[in-house]
Amino acid sequence: MSFLTYLKDGISLGSVYAIIALGYTMVYGIAKMLNFAHGDVIMVGAYTALMMITRAGLPALPAVLIAMATCTILGITIEMVAYRPLRKAGSPLAVLITAIGVSYLLQNIALLAFGADGKTFINVVSLPSLNLFDGQLVISGVTIVTVLANIVIMICLTLFVKKTKRGRAMQAVSEDRDAAQLMGVNVNGTISLTFAIGSALAAIAGVLLCSAYPVVTPYTGAMPGIKAFVAAVFGGIGSIPGAMIGGILLGVIEILGRAYISSQVADAIVFGVLIIVLLVRPTGLFGKNVQEKV
Amino acid sequence: MAMLEVKNLSISFGGLHAVDDFSVTIEKGELYGLIGPNGAGKTTVFNLLTGVYKPTEGKISLDGKDITGKNTIEINRAGIARTFQNIRLFKNMPVLDNVKTGFHNRYRYSTVSGILRLPRYRQVENTLNERAMEILKVFDLDKEAAILAGNLPYGKQRKLEIARALATEPRLLLLDEPAAGMNPNETGELMETIRFVRDHFDMTILLIEHDMRLVAGICEKLSVLNFGRLLAQGETAEVLSNPDVITAYLGE
Numbered sequence: 000m001s002f003l004t005y006l007k008d009g010i011s012l013g014s015v016y017a018i019i020a021l022g023y024t025m026v027y028g029i030a031k032m033l034n035f036a037h038g039d040v041i042m043v044g045a046y047t048a049l050m051m052i053t054r055a056g057l058p059a060l061p062a063v064l065i066a067m068a069t070c071t072i073l074g075i076t077i078e079m080v081a082y083r084p085l086r087k088a089g090s091p092l093a094v095l096i097t098a099i100g101v102s103y104l105l106q107n108i109a110l111l112a113f114g115a116d117g118k119t120f121i122n123v124v125s126l127p128s129l130n131l132f133d134g135q136l137v138i139s140g141v142t143i144v145t146v147l148a149n150i151v152i153m154i155c156l157t158l159f160v161k162k163t164k165r166g167r168a169m170q171a172v173s174e175d176r177d178a179a180q181l182m183g184v185n186v187n188g189t190i191s192l193t194f195a196i197g198s199a200l201a202a203i204a205g206v207l208l209c210s211a212y213p214v215v216t217p218y219t220g221a222m223p224g225i226k227a228f229v230a231a232v233f234g235g236i237g238s239i240p241g242a243m244i245g246g247i248l249l250g251v252i253e254i255l256g257r258a259y260i261s262s263q264v265a266d267a268i269v270f271g272v273l274i275i276v277l278l279v280r281p282t283g284l285f286g287k288n289v290q291e292k293v
Numbered sequence: 000m001a002m003l004e005v006k007n008l009s010i011s012f013g014g015l016h017a018v019d020d021f022s023v024t025i026e027k028g029e030l031y032g033l034i035g036p037n038g039a040g041k042t043t044v045f046n047l048l049t050g051v052y053k054p055t056e057g058k059i060s061l062d063g064k065d066i067t068g069k070n071t072i073e074i075n076r077a078g079i080a081r082t083f084q085n086i087r088l089f090k091n092m093p094v095l096d097n098v099k100t101g102f103h104n105r106y107r108y109s110t111v112s113g114i115l116r117l118p119r120y121r122q123v124e125n126t127l128n129e130r131a132m133e134i135l136k137v138f139d140l141d142k143e144a145a146i147l148a149g150n151l152p153y154g155k156q157r158k159l160e161i162a163r164a165l166a167t168e169p170r171l172l173l174l175d176e177p178a179a180g181m182n183p184n185e186t187g188e189l190m191e192t193i194r195f196v197r198d199h200f201d202m203t204i205l206l207i208e209h210d211m212r213l214v215a216g217i218c219e220k221l222s223v224l225n226f227g228r229l230l231a232q233g234e235t236a237e238v239l240s241n242p243d244v245i246t247a248y249l250g251e
């Protein structure tokens with residue numbers, strides 16, 4: 000029975016990773032850059048929701064919506080101020096280094112504003128827990144909401160990308176930015192939209208993560224951000240289902256590793272798995288192995 | 000009024016004058032050819048016309064409207080569409096979606112109605128599907144609508160590129176070496192298609208081509224570029240018998 004409990008915890012944590020990984024993978028797929036500041040947007044989302052609940056006294060749902068709006072604006076602003084001017088500069092390294100810079104900037108602003116001490120997060124999910132097998136397996140409301148949110152987001156996002164005009168524009172930009180532009184697709188606008196969606200999802204992930212592990216510090220987003228990146232690469236970066244499967248697998252591996260092997264090396268196991276997967280399948284589980292024709 | 004009027008167009012990259020003092024006037028409904036040896040600056044002219052490069056000097060007007068120095072999206076909206084020398088389809092998207100991407104600027108619904116699938120979304124998407132299928136039918140691609148563009152045979156990929164460009168509802172269509180890599184049969188078929196597009200869509204077409212059979216067969220007028228400069232211009236037969244042109248192509 001304890002195995003089922005671990006599995007449930009793993010799927011729950013993995014769902015959060017999956018939601019974060021979606022942001023990574025979409026930005027990579029469309030803007031061809033790694034937004035290492037993505038993890039810290041989660042932290043901003045968590046703080047915003049917390050402030051809305053404790054300081055402004057709002058109920059949970061409006062607080063989460065405000066957090067999403069804040070992160071959306073933050074994401075678009077980061078893209079416009081920090082990344083867009085560098086996109087024309089040519090070197091992908093410049094954007095990568097800037098992303099790391101933005102990550103530290105966000106962490107330090109949070110440090111200045113909220114201090115280094117962790118703040119206790121309030122569980123935003125008021126759903127009752129589900130007791131199975133005479134109370135041997137307890138599935139908390141947060142877990143249920145997290146997993147459901149993950150599934151709903153995944154379906155909506157897939158439909159959006161495959162079936163709508165903006166989604167087609169995203170695919171087109173992802174495949175050939177110049178050709179898309181010459182067909183009248185606004186490339187900068189499409190990239191902004193990608194950042195907006197990714198950041199709004201980051202806010203949801205932040206709230207869910209901090210509801211399950213109820214402390215928020217300026218560094219809350221850093222480690223989940225890195226792990227979600229691993230999840231995205233694991234699943235095949237650029238692929239939406241890949242991010243979801245990668246995230247959940249990673250969460251399960253982490254929790255099972257922590258439970259059955261050692262809680263100290265759990266993170267090492269996670270990254271070890273990444274190395275093995277990349278050795279066997281360099282493009283990840285769902286990545287396409289594209290060979291350039293000469 | 001001329002559909003396209005280019006006056007004294009020049010661009011230099013460092014010290015290299017890739018295009019130097021190029022002028023051309025293309026009337027509505029004309030099938031116009033731009034030819035010249037490799038490296039003469041033909042594709043550069045296309046890149047200038049579509050706003051990929053900004054000209055160092057000169058003026059471009061489309062249907063009387065000055066479009067010099069505008070960006071690619073504005074120029075596409077103004078009515079210039081193009082295909083590419085090396086096919087640049089969205090290979091991992093279905094054939095139908097490639098054409099629908101071309102419609103991007105012509106039909107609108109908000110992102111929100113796309114996410115929530117409001118009636119407006121369905122209505123526009125239905126119209127898009129119908130319009131895209133119409134265009135695919137013209138190119139005899141309607142049966143392949145659902146397959147990925149990258150899986151089409153080469154000749155059909157070329158056709159799809161033209162279809163996608165037409166979906167942006169241009170007034171002027173630029174074709175960059177449409178017959179490149181085609182066998183004589185495919186080229187013959189392509190000539191029919193180009194003529195048909197001109198008549199059926201009432202299109203003005205400017206094309207770059209090396210295949211002299213195609214050029215002589217369908218172009219009404221020609222401009223010849225050599226080392227970025229205009230070498231000859233006029234009626235096709237006249238230009239092709241011009242001794243300077245023959246020298247540039249075949250050497251002394």
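So the protein sequences, as listed, match chains W and P. Residue numbers are given in numbering that gives the first Met the number 0: position 28 of the first sequence equals residue 27, and the series is strictly consecutive. Residue numbers are given in numbering that gives the first Met the number 0: position 192 of the second sequence equals residue 191, and the series is strictly consecutive. Glycine residues also receive a C-beta, built at the ideal position from the N, C-alpha and C atoms.
Using the beta-carbon of each residue, which ones in chain W are nearer than 7 Å to residue i?
i, result
"Asp96 of chain P", "Arg167"
"Arg121 of chain P", "Those do not exist, as Arg121 of chain P stays about 10 Å from chain W at its closest Cβ, beyond 7 Å."
"Arg163 of chain P", "Met182"
Cβ closer than 8 Å: which chain W residues qualify as neighbours of residue i?
i, result
"Lys99 of chain P", "Lys164, Arg167"
"Lys254 of chain P", "The question about residue 254 of chain P has no answer, for chain P in this structure spans 0 to 251."
"Met92 of chain P", "Arg167, Gln170, Ala171, Glu174"
"Phe89 of chain P", "Gln170, Ala171, Glu174, Asp175, Ala178, Ala179"
"Thr252 of chain P", "Residue 252 of chain P cannot be examined here, being either before or after the span of chain P that is shown, 0 to 251."
Would you kindly work out how many angstroms separate the C-alpha atoms of residue i and residue j, rounded to a whole number?
i, j, result
"Phe138 of chain P", "Leu127 of chain P", "17 Å"
"Phe270 of chain W", "Ser261 of chain W", "14 Å"
"Ala294 of chain W", "Ser1 of chain W", "Here chain W comprises residues numbered 0 to 293, so residue 294 of chain W is not present and cannot be evaluated."
"Ile274 of chain W", "Met42 of chain W", "27 Å"
"Leu189 of chain P", "Asn85 of chain P", "16 Å"
"Met211 of chain P", "Glu176 of chain P", "11 Å"
"Asn104 of chain P", "Arg176 of chain W", "16 Å"
"Ala131 of chain P", "Ala162 of chain P", "9 Å"
"Ala204 of chain W", "Asn97 of chain P", "34 Å"
"Pro54 of chain P", "Val44 of chain P", "9 Å"
"Val172 of chain W", "Met2 of chain P", "30 Å"
"Phe195 of chain P", "Ile204 of chain P", "11 Å"
"Val26 of chain W", "Gly13 of chain P", "35 Å"
"Met67 of chain W", "Phe285 of chain W", "29 Å"
"Gly35 of chain P", "Leu147 of chain P", "35 Å"
"Ala265 of chain W", "Arg257 of chain W", "5 Å"
"Gly28 of chain P", "Ala77 of chain P", "17 Å"
"Asn91 of chain P", "Pro240 of chain W", "16 Å"
Go to residue i, then tell me how far its alpha helix (DSSP H) extends in each direction, as first and last residue.
i, result
"Ala59 of chain W", "59-77"
"Arg176 of chain W", "176-181"
"Ala211 of chain W", "186-211"
"Glu208 of chain P", "Premise fails: Glu208 of chain P is in no alpha helix (DSSP H) and is neither H nor E."
"Arg11 of chain P", "Reading the sequence as shown, one finds Ser at residue 11 of chain P and not Arg. No alpha helix (DSSP H) contains Ser11 of chain P, which is instead part of the beta strand (DSSP E) from 3-12."
"Ala227 of chain W", "221-234"
"Gly22 of chain W", "1-30"
"Ile34 of chain P", "It is not in any alpha helix (DSSP H) - Ile34 of chain P instead sits in the beta strand (DSSP E) that spans 30-34."
"Leu49 of chain W", "37-53"
"Leu47 of chain P", "41-48"
Please determine, among the options, the residue with the shortest C-alpha to C-alpha distance to residue i.
i, options, result
"Leu126 of chain W", "W:Lys118, W:Thr145, W:Glu78", "W:Thr145"
"Leu224 of chain P", "P:Ser11, P:Asn7, P:Ala247", "P:Ala247"
"Met202 of chain P", "P:His209, P:Thr192, P:Val51", "P:Thr192"
"Thr325 of chain W", "W:Ile108, W:Glu78, W:Leu110, W:Asn107", "As displayed, chain W neither begins before 0 nor continues past 293, which places residue 325 of chain W out of reach and without an answer."
"His16 of chain P", "P:Leu229, P:Pro242, P:Thr235", "P:Leu229"
"Thr47 of chain W", "W:Cys209, W:Gly140, W:Arg280, W:Gly283", "W:Cys209"
"Val244 of chain P", "P:Val5, P:Lys6, P:Thr24, P:Leu33", "P:Leu33"
"His199 of chain P", "P:Ala231, P:Lys136, P:Lys142, P:Leu206", "P:Lys136"
Taking 8 Å as the cut-off, is the beta-carbon of residue i closer than that to any non-hydrogen atom of the ligand ADP?
i, result
"Lys118 of chain W", "The ligand ADP is absent from the structure shown, which contains no ligand whatsoever."
Note the first and the last residue of the continuous beta strand (DSSP E) segment covering residue i.
i, result
"Ile138 of chain W", "136-138"
"Phe83 of chain P", "Element bounds for Phe83 of chain P: n/a, residue is neither H nor E."
"Gly57 of chain P", "56-61"
"Ala17 of chain P", "15-25"
Under 9 Å between beta-carbons, which chain P residues line up against residue i? List them in chain order, please.
i, result
"Cys155 of chain W", "Ile114"
"Asn149 of chain W", "Simply none; closest approach about 17 Å."
"Leu64 of chain W", "Those do not exist, as Leu64 of chain W stays about 14 Å from chain P at its closest Cβ, beyond 9 Å."
For a contact defined as C-beta to C-beta under 7 Å, what are the partners of residue i on chain P?
i, result
"Leu181 of chain W", "Thr49, Thr71, Asn75, Arg81"
"Phe159 of chain W", "Gly113, Ile114"
Under 9 Å between beta-carbons, which chain W residues line up against residue i? List them in chain order, please.
i, result
"Asn104 of chain P", "Met182, Gly183, Val184, Asn185"
Taking Cβ-Cβ distances shorter than 8 Å, what residues in chain P pair up with residue i?
i, result
"Leu192 of chain W", "Thr110"
Entirely enclosed beta strand (DSSP E) segments - the stretch 120-204 of chain P, minimum 3 residues: 171-175
Every unbroken beta strand (DSSP E) inside the stretch 99-174 of chain W [3 residues or more]: 129-131, 136-138
Segments assigned alpha helix (DSSP H), at least 4 residues, entirely inside the stretch 238-290 of chain W: 239-255, 265-279
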